[in-house]
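Q: Sharing a structure with you now.
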Amino acid sequence: MKTPQRLQTLVDEGLIDTVVRQLMSGKEAMVYVVRCGEETRCAKVYKEADKRSFRQAVDYTENRRVKNTREARAMAKGTKFGRKVTEAIWQSAEVDALYRLAAAGVRVPTPHNFLEGVLLMDLVTDANGDAAPRLNDVAFSPEDARRHHASLLREVMRMLCAGVVHGDLSEFNVLLAEDGPVIIDLPQAVDAAGNNHAKRMLLRDVENLRNFFGQYEPALLKTHYGDEIWQLYERGLLRPETELAGTFVRESGPVDLSNVLREVDDARAEEAARLLRMQTPRQ
Ligand SMILES: Nc1ncnc2c1ncn2[C@@H]1O[C@H](COP(=O)(O)OP(=O)(O)O)[C@@H](O)[C@H]1O
Ligand SMILES: [Mg+2]
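So, in structure tokens, the structure goes:
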């Protein structure tokens, strides 16, 4: 196809030979299949902030590295420069997370380059070499549901051991490659140790996986692995290969009221974001 403008620099720089076709136009990005020498890859072109949905507004950016106080002030004020900084942080968060997770052996597409708001990475493919379907596009036997649920929990643990919580893990952001599930779409990923929302996001990621696979294997609906994983992580005991007991019971210790109130606020912001998100089709 004719080279889209946003990919022209990568063609000029020799990072891409040809653009084969557009794969998806999602909430936050346009995704293209491209040829790079012998390889077929995937180019994710981030939309500009004002054309995107609401995802980063709920405090995913908390504790992200900002170089100096001028940047921090500009971001807080929402000036044009501030928005540019926010934008750059948002995009590079996905690239950072991908490199970090690929190095930790997590099943994510191998990243190859990031230039001018375009992320070049491996194309995740099915048995025919075509772009792999999302979990949501596939039906599973109870046995396959159990198997993929278990292997994805393992990936969540591996990610957490590498210090990363995905934050938007669901049947829409896992592709089913020929050799098993691959996790994609990480711009909202957070640092597990430095972000107050990390626990809540991890619990939700684990819950999303359970609810999805639970449609095909109802026994999974009774599991509560998120709390167990987080507790092991907090105690420094989590390893990618840790066997989970699956019998976690929430402790009912004394209530920390400020914590409860913060959770209520978080839940409210989350719900507002969810409602806004529902106005655009889910990708
Ligand atoms: N590396 C990849 N290989 C194959 N398909 C991909 C890849 N990355 C993204 N896609 C396709 O593009 C869609 C959108 O990408 P995603 O990273 O989820 O962005 P968005 O923020 O728009 O949801 C995915 O649902 C998937 O179908
Ligand atoms: Mg997505």
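The working numbering puts the first residue of the sequence shown at 1274, with every later residue one more than the last.
Beta carbons: idealized from backbone N, C-alpha and C, even for Gly.
Just so it is clear, the structure is predicted and the values come from calculations on it, not from any experiment.
1) I think A1466 touches G1440, with their Cβ atoms under 8 Å apart; what is that distance to the nearest whole Å?
2) Which word fits T1359, buried or exposed, when buried means at least 16 other C-beta atoms lie within 10 angstroms of its C-beta?
3) Three or more C-beta pairs under 8 Å: does that hold for the stretch 1412-1421 against the stretch 1483-1494?
4) Indicate, with yes or no, if ligand 1 has a heavy atom lying under 7 Å from the CB of E1301.
5) Do you know offhand how far V1284's Cα is from G1351's?
6) Report the residue from M1297, C1309, L1371 and V1438 whose alpha carbon sits nearest the alpha carbon of I1502.
7) Could you tell me the distance, in whole angstroms, from the CA atom of A1375 to the CA atom of E1514?
8) M1274 by DSSP, collapsed to three states: which one?
9) Does DSSP put E1311 in a helix, a strand or coil?
10) DSSP has M1297 in a bridge; who is on the other side?
11) Per DSSP, which residues does M1394 bridge with? Please list them.
12) Indicate whether the contact test is met: 3 or more Cβ pairs, each with one atom in the stretch 1421-1434 and one in the stretch 1313-1322, closer than 8 Å.
13) For D1464, which residues does DSSP report across the bridge?
14) Going by C-alpha to C-alpha distance, which of D1500, R1508, D1529 and G1453 sits closest to A1518?
15) Might you give, ordered along the chain, the residues of its own chain that have their beta carbon closer than 6 Å to the beta carbon of M1348, omitting 5 neighbours on each side?
16) Please decide whether T1342 counts as near chain D, where near means a Cβ-Cβ distance under 8 Å.
17) Flag this pair as yes or no: are the beta carbons of L1448 and V1397 separated by less than 8 Å?
18) Excluding the 5 residues preceding and the 5 following F1387 in the sequence, name in chain order all residues of the same chain whose CB lies nearer than 8 Å to its CB.
19) Using beta-carbon positions only, say whether P1382 and V1306 come within less than 8 Å of one another.
20) Would you kindly work out how many angstroms separate the C-alpha atoms of M1274 and M1303, rounded to a whole number?
21) Can you tell me which of the three DSSP states P1513 falls into?
22) From this set, N1532, D1529 and V1293, which residue's C-alpha is nearest T1313's C-alpha?
A: If we stick to the structure as given:
1) 14 Å between Cβ atoms; not a contact.
2) Burial is judged here by how many other beta carbons sit within 10 angstroms of a residue's own beta carbon; T1359 has at least 16 and is buried.
3) They touch, by the three-pair rule.
4) Distance from the C-beta of E1301 to the nearest heavy atom of ligand 1 is below 7 Å.
5) For V1284 and G1351, the gap between their C-alpha atoms comes out near 33 Å.
6) Out of M1297, C1309, L1371 and V1438, the CA that lies nearest to the CA of I1502 is found in V1438.
7) So the two alpha carbons sit approximately 17 Å from each other.
8) Here M1274 sits in coil by DSSP.
9) In the displayed model, E1311 falls within coil according to three-state DSSP, outside both helix and strand.
10) Looking at the DSSP output, M1297 sits in a beta bridge with V1304.
11) Paired residue(s): C1315 and P1384.
12) The way I'd put it, the stretch 1421-1434 doesn't touch the stretch 1313-1322; fewer than three beta-carbon pairs between them come closer than 8 Å.
13) In the DSSP assignment, D1464 is bridged to V1437.
14) The shortest Cα separation from A1518 among D1500, R1508, D1529 and G1453 belongs to D1500.
15) Residues G1355, V1358 and T1359 of the same chain have their beta carbon placed closer than 6 Å to that of M1348, with the five preceding and five following residues left out of the count.
16) Of the protein chains in this structure there is only one, and it is not chain D.
17) Judged by their CB atoms, L1448 and V1397 are nearer to each other than the 8 Å cut-off.
18) Cβ neighbours of F1387 within its own chain (closer than 8 Å, five residues either side excluded): Q1364, S1365, V1368 and L1393.
19) In this structure, P1382 sits away from V1306, with a CB-CB distance that is not shorter than 8 Å.
20) Taking the straight line from one Cα to the other gives about 15 Å.
21) Residue state, collapsed to three classes: coil.
22) When each option's Cα is compared against that of T1313, the closest is V1293.
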